[in-house]
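Novice: For the record, the sequence lines run as chains X and D. Numbering-wise, my numbering comes out as the position in the first sequence, counting from 1, plus 122. Numbering-wise, my numbering comes out as the position in the second sequence, counting from 1, plus 84. By construction, the Cβ of each residue, glycine as well, lies at the ideal position given by its N, Cα and C atoms. Bear in mind the structure is a predicted one, so any value in this text is a computation, not a measurement. Below you'll find the structure I mean.
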Amino acid sequence: MATKDVKVNDPMLDPITGEVRVLAPGHTFKSVTEKISRIVLTPHTPIGWFLGFLLASGVATLVVIAVTWLFLKGVGIWGITQPVAWGFAIINFVWWIGIGHAGTLISAILLLFKQTWRNSINRFAEAMTIFAVVCAGLFPLIHVGRPWLAYWLFPYPNSMNVWPQFRSPLLWDVFAVSTYATISVVFWYIGLVPDFGTMRDRSKTRFGQYVYGLLSLGWRGSSRHWMRYETASLLLAGLATPLVLSVHSVISFDFAVAVLPGWHTTIFPPYFVAGAVYSGFAMVITLAVPIRAFYHLEDMITLRHLDNMAKVMLTTGLIVAYGYSMEVFMAWYSASHWEAFMMWNRMFGPMGWSYWCLIACNIAIPQLMWLRSVRISPARMFLLSFVVNTGMWFERFVIVVTSLYRDFLPSSWGTYKATRWDYATFIGTMGLFTTLFLLFVRFLPMIPMSEIRMMLPQAKVKPESEAVHEAGD
Amino acid sequence: MPIREGTYGLLAEFDTPTELVLAAQAAYEAGYRRMDCYTPYPVEEAAEAIGFHRNNVSLVCLLGGILGCCAMFGMETWVSVWGYPLNIAGRPYYSWPAFVVPAYEWTILFAGLSAAFGMLAMNGLPTLYHPLFNAPNFRNGATTDKFFLCIEATDPKFSPTESREFLALHRPLSVVEVDY
Numbered sequence: 123m124a125t126k127d128v129k130v131n132d133p134m135l136d137p138i139t140g141e142v143r144v145l146a147p148g149h150t151f152k153s154v155t156e157k158i159s160r161i162v163l164t165p166h167t168p169i170g171w172f173l174g175f176l177l178a179s180g181v182a183t184l185v186v187i188a189v190t191w192l193f194l195k196g197v198g199i200w201g202i203t204q205p206v207a208w209g210f211a212i213i214n215f216v217w218w219i220g221i222g223h224a225g226t227l228i229s230a231i232l233l234l235f236k237q238t239w240r241n242s243i244n245r246f247a248e249a250m251t252i253f254a255v256v257c258a259g260l261f262p263l264i265h266v267g268r269p270w271l272a273y274w275l276f277p278y279p280n281s282m283n284v285w286p287q288f289r290s291p292l293l294w295d296v297f298a299v300s301t302y303a304t305i306s307v308v309f310w311y312i313g314l315v316p317d318f319g320t321m322r323d324r325s326k327t328r329f330g331q332y333v334y335g336l337l338s339l340g341w342r343g344s345s346r347h348w349m350r351y352e353t354a355s356l357l358l359a360g361l362a363t364p365l366v367l368s369v370h371s372v373i374s375f376d377f378a379v380a381v382l383p384g385w386h387t388t389i390f391p392p393y394f395v396a397g398a399v400y401s402g403f404a405m406v407i408t409l410a411v412p413i414r415a416f417y418h419l420e421d422m423i424t425l426r427h428l429d430n431m432a433k434v435m436l437t438t439g440l441i442v443a444y445g446y447s448m449e450v451f452m453a454w455y456s457a458s459h460w461e462a463f464m465m466w467n468r469m470f471g472p473m474g475w476s477y478w479c480l481i482a483c484n485i486a487i488p489q490l491m492w493l494r495s496v497r498i499s500p501a502r503m504f505l506l507s508f509v510v511n512t513g514m515w516f517e518r519f520v521i522v523v524t525s526l527y528r529d530f531l532p533s534s535w536g537t538y539k540a541t542r543w544d545y546a547t548f549i550g551t552m553g554l555f556t557t558l559f560l561l562f563v564r565f566l567p568m569i570p571m572s573e574i575r576m577m578l579p580q581a582k583v584k585p586e587s588e589a590v591h592e593a594g595d
Numbered sequence: 085m086p087i088r089e090g091t092y093g094l095l096a097e098f099d100t101p102t103e104l105v106l107a108a109q110a111a112y113e114a115g116y117r118r119m120d121c122y123t124p125y126p127v128e129e130a131a132e133a134i135g136f137h138r139n140n141v142s143l144v145c146l147l148g149g150i151l152g153c154c155a156m157f158g159m160e161t162w163v164s165v166w167g168y169p170l171n172i173a174g175r176p177y178y179s180w181p182a183f184v185v186p187a188y189e190w191t192i193l194f195a196g197l198s199a200a201f202g203m204l205a206m207n208g209l210p211t212l213y214h215p216l217f218n219a220p221n222f223r224n225g226a227t228t229d230k231f232f233l234c235i236e237a238t239d240p241k242f243s244p245t246e247s248r249e250f251l252a253l254h255r256p257l258s259v260v261e262v263d264y
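Spelled out as structure tokens, the structure:
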């Protein structure tokens with residue numbers, strides 16, 4: 123896609139502030155509804171969608187094959203060994219769950235701050251959250267060695283009278299991630315209910331009317347219903363906000379409660395959360411740029427959205443950079459020579475390349491976002507979002523591997539090399555994520571219609587004097 | 085539930101939210117109470133116009149949160165102290181700081197589920213059949229771009245002729261009688 127510079131007299135520019143608009147002018151309630159619902163209700167699926175689906179589901183079969191082989195042979199097919207007993211599974215788990223966080227952030231925190239620009243992107247960002255959590259959740263399940271016993275992690279009354287160990291951060295993870303998944307799905311579904319009502323009423327086929335009719339639960343837009351609905355949405359947003367902060371903090375506790383050099387750091391919770399938001403926004407851009415081009419949604423997902431998301435990324439990226447510099451500072455300031463060695467080894471040891479990849483992808487290259495021309499260019503932001511996601515993956519790789527492979531005793535040092543099964547599982551989850559996302563785009567309204575209607579100028583109720591005056595005209 | 089038949093109410097259709105709110109305010113002032121507005125997006129003024137100011141979703145959410153917190157903290161304490169005490173490195177059985185995290189997660193889980201399902205229950209959803217769906221103009225507009233005011237037949241002030249005349253004063257696009 124060509125890079126577009128915004129011109130003077132552009133209808134997308136606000137004449138007063140000169141800023142790029144959040145929504146193109148000239149839309150009506152009907153045009154918004156039609157534009158969004160047509161993508162789903164059209165009987166003709168675009169050929170590009172089919173091609174994408176074929177490719178994505180093909181890649182997703184990799185995860186099926188890899189997991190089947192894993193269940194037959196055990197975790198020995200992976201590159202994990204002593205001392206690096208945590209490898210790709212945990213790296214990918216933390217990476218995927220971090221990606222999910224932007225969805226919740228957009229839908230919850232920006233809703234509480236009354237940032238209306240979120241309305242065009244929140245639905246698919248939430249969908250992204252759910253699919254990312256699906257991919258993330260897979261890894262802890264399959265890495266436990268005997269995955270068919272993974273349900274032992276849940277406290278349930280069993281004939282063995284055995285209960286889980288509630289003092290372990292790994293068990294905290296179970297509750298944090300399962301709560302996060304549940305609340306994300308509920309928040310997403312509740313947000314979809316009014317739009318399901320619209321889909322039910324606009325669907326031409328009997329099948330569509332039945333399915334959307336069932337999903338809409340009989341929604342009819344009553345004012346009483348709307349008011350309770352709004353309260354519930356705000357409450358869910360208010361609850362999801364501390365939840366999103368807690369989930370990644372709890373995940374950072376998995377590391378931080380260990381006494382290992384490089385993991386035993388109090389900066390971990392905030393720095394993990396910032397990193398999660400950073401990678402999550404990068405993924406939203408990775409998804410938003412092709413979608414807006416493919417479905418011609420440039421009037422709803424505007425350059426303003428890219429600009430705003432880039433600013434959030436720049437901020438969180440700088441928080442992450444602060445985290446990295448604090449790690450280095452504390453390694454020196456703590457005067458712990460294990461910490462100092464770990465830091466030196468991270469930077470200049472045999473796996474030093476991964477640290478410098480991380481610095482380049484997460485800190486150096488993203489500084490380009492200071493330039494407005496980069497922020498409002500879909501192509502450049504698309505590339506940058508790839509760079510950031512790669513960088514965030516390296517961050518988890520660096521934390522997990524370079525702390526574990528050389529700890530206190532040189533006699534226990536080892537190394538880590540991922541096998542093709544590690545790569546197959548990781549790449550397979552990307553296929554799984556894309557497949558789920560393509561299904562979402564095809565069958566559900568990807569932009570919340572009721573929220574876009576609220577943003578239109580005609581949506582406001584005018585004061586009585588003005589209304590009477592108009593009627594008189 | 086008794087079998088309902090006859091008229092459900094009179095449904096007036098408007099083009100803009102302002103017209104709807106003015107009509108709803110007038111109806112409330114005229115003494116109508118059993119009525120509702122139907123809009124394609126939340127219009128706060130419409131709910132206020134028909135006298136709906138407060139809802140109990142927040143209360144249900146709070147109760148759910150308290151229940152979740154107590155349930156998890158209680159379970160953790162029971163499991164760790166009585167049910168299956170594990171002595172790991174001499175740590176106390178009742179390690180309350182470690183119990184905070186799961187209890188916090190369940191507070192959010194229960195509060196969120198209570199808010200969502202409580203909202204649906206208070207709204208009487210799911211209800212897949214509703215008499216208003218019988219009005220063809222309702223299905224064409226209520227979830228897209230039209231604004232409706234329905235005065236229900238159960239209102240003591242309701243009269244098929246007078247209420248229709250009253251609604252017509254506000255220049256709606258149409259007034260339709262909705263059957264059960």
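Just list the alpha helix (DSSP H) runs in the region 137-194 of chain X, keeping only unbroken ones of 4 residues or longer that don't cross its boundaries, in chain order.
Specialist: Along the length of the region 137-194 of chain X, whole alpha helix (DSSP H) runs at least 4 residues long occupy 151-163, reported in chain order.
Novice: If you drop the 5 nearest sequence neighbours on each side, which residues of the same chain put their C-beta closer than 8 angstroms to that of phenylalanine 548 of chain X?
Specialist: Phe210, Asn214
Novice: Return no unless some Cβ of chain X is closer than 8 angstroms to the Cβ of isoleucine 332 of chain D.
Specialist: Past the edges of chain D, shown from 85 to 264, lies residue 332 of chain D, and the structure says nothing about it.
Novice: Nearest to valine 522 of chain X by CA position, among X:Val450, X:Leu531, X:Ile202, X:Trp341, is which residue?
Specialist: X:Ile202
Novice: Of all Cβ atoms in chain X, is any one closer than 8 angstroms to the Cβ of proline 186 of chain D?
Specialist: yes
Novice: Should glutamate 425 of chain X and valine 142 of chain X be called a contact, given that it needs their Cβ atoms to be closer than 8 angstroms?
Specialist: Here the sequence assigns leucine to residue 425 of chain X, which means glutamate is not the residue at that position. The answer is yes: Cβ separation under 8 angstroms.
Novice: Report, in whole angstroms, the separation of the C-beta atoms of alanine 254 of chain X and isoleucine 219 of chain X, which I expect to be a contact under 8 angstroms.
Specialist: Contact holds; Cβ gap of about 7 angstroms.
Novice: Output needed for tryptophan 294 of chain X: all residues of its chain with C-beta closer than 6 angstroms, excluding positions within five of it in sequence on either side, in chain order.
Specialist: Val372
Novice: Look at aspartate 229 of chain D and tyrosine 92 of chain D and say whether their C-beta atoms are less than 8 angstroms apart.
Specialist: no
Novice: Determine the chain D residues that contact phenylalanine 288 of chain X at a beta-carbon separation under 7 angstroms, and present them in chain order.
Specialist: Glu160, Val163, Ser164, Ala182, Phe183, Pro186
Novice: From the DSSP output, read off the bridge partner residues of valine 260 of chain D.
Specialist: D:Leu95
Novice: Kindly identify the DSSP beta-bridge partner or partners of leucine 135 of chain X.
Specialist: X:Val142
Novice: With a threshold of 16 other CB atoms inside 10 Å of the CB of asparagine 283 of chain X, please say whether the residue is buried or exposed.
Specialist: exposed
Novice: Could you name the residues that DSSP lists as bridge partners for leucine 233 of chain D?
Specialist: D:Ala96, D:Cys121
Novice: At the 8 angstroms Cβ level, is tyrosine 334 of chain X part of the contact set with chain D, yes or no?
Specialist: no
Novice: Using a Cβ cut-off of 7 angstroms, pull out every chain D residue sitting near valine 372 of chain X, in sequence order please.
Specialist: Close to valine 372 of chain X, with beta-carbon spacing below 7 angstroms, are these residues of chain D in chain order: Val185.
Novice: Under 8 angstroms between C-beta atoms, does glutamate 352 of chain X make it to chain D?
Specialist: When Cβ-Cβ separations below 8 angstroms define contact, glutamate 352 of chain X makes contact with chain D.
Novice: Cα separation between histidine 265 of chain X and leucine 357 of chain X?
Specialist: Spanning the alpha carbons of histidine 265 of chain X and leucine 357 of chain X requires a straight line of approximately 35 angstroms.
Novice: Given that a residue counts as buried once 16 or more other Cβ atoms are within 10 Å of its Cβ, and exposed if not, what is proline 262 of chain X?
Specialist: buried
Novice: Pull up the distance between the alpha-carbon of alanine 182 of chain D and that of valine 369 of chain X, whole angstroms please.
Specialist: 15 angstroms
Novice: Considering only the alpha carbon of each residue, which of X:Phe377, X:Pro286, X:Trp460 lies closest to proline 277 of chain X?
Specialist: Of X:Phe377, X:Pro286, X:Trp460, the residue nearest in Cα terms is X:Pro286.
Novice: Restricting to Cα atoms, I'd like to know which of X:Tyr538, X:Tyr311, X:Ser344, X:Lys195 is closest to isoleucine 252 of chain X.
Specialist: When X:Tyr538, X:Tyr311, X:Ser344, X:Lys195 are compared, the shortest CA-CA separation from isoleucine 252 of chain X is found for X:Tyr311.
Novice: Who are the neighbours of serine 142 of chain D on chain X, taking C-beta pairs under 7 angstroms?
Specialist: Thr353, Leu357
Novice: Give the secondary structure of serine 456 of chain X by DSSP, where H, G and I count as helix, E and B as strand, and everything else as coil.
Specialist: coil
Novice: Can you tell me where the alpha helix (DSSP H) holding isoleucine 264 of chain X begins and where it ends?
Specialist: 244-264
Novice: Any contact of the region 509-520 of chain X with the region 394-411 of chain X, i.e. 3+ C-beta pairs under 8 angstroms?
Specialist: yes
Novice: Measuring straight from C-alpha to C-alpha, what distance separates alanine 581 of chain X and arginine 575 of chain X?
Specialist: In a straight line, the C-alpha of alanine 581 of chain X is about 7 angstroms away from that of arginine 575 of chain X.
Novice: Isoleucine 305 of chain X touches chain D at which residues, Cβ-Cβ below 7 angstroms?
Specialist: Within 7 angstroms Cβ-Cβ: Ile192, Leu193, Gly196.
Novice: Check distances from the C-beta atoms of the region 267-284 of chain X to those of chain D and list, in chain order, the residues that come in under 9 angstroms.
Specialist: Pro277, Asn283, Val284
Novice: Start and end of the alpha helix (DSSP H) containing histidine 347 of chain X?
Specialist: 345-378
Novice: Give the secondary structure of tyrosine 417 of chain X by DSSP, where H, G and I count as helix, E and B as strand, and everything else as coil.
Specialist: Tyrosine 417 of chain X falls in the coil class under three-state DSSP.
Novice: So which residues on chain X does asparagine 139 of chain D lean against when the C-beta distance must stay under 7 angstroms?
Specialist: Met349, Arg350, Thr353
Novice: Count the other CB atoms, across all protein chains shown, that sit within 10 Å of the CB of glutamate 113 of chain D; report buried if there are 16 or more and exposed otherwise.
Specialist: exposed
Novice: Using the Cα positions of cysteine 121 of chain D and alanine 247 of chain X, report the straight-line distance between them to the nearest angstrom.
Specialist: 31 angstroms
Novice: To the nearest angstrom, how far is the alpha carbon of serine 242 of chain X from that of tryptophan 475 of chain X?
Specialist: 39 angstroms
Novice: Find the nearest neighbour of cysteine 153 of chain D within the set D:Arg255, D:Glu189, D:Tyr168, judged by alpha-carbon distance.
Specialist: D:Glu189
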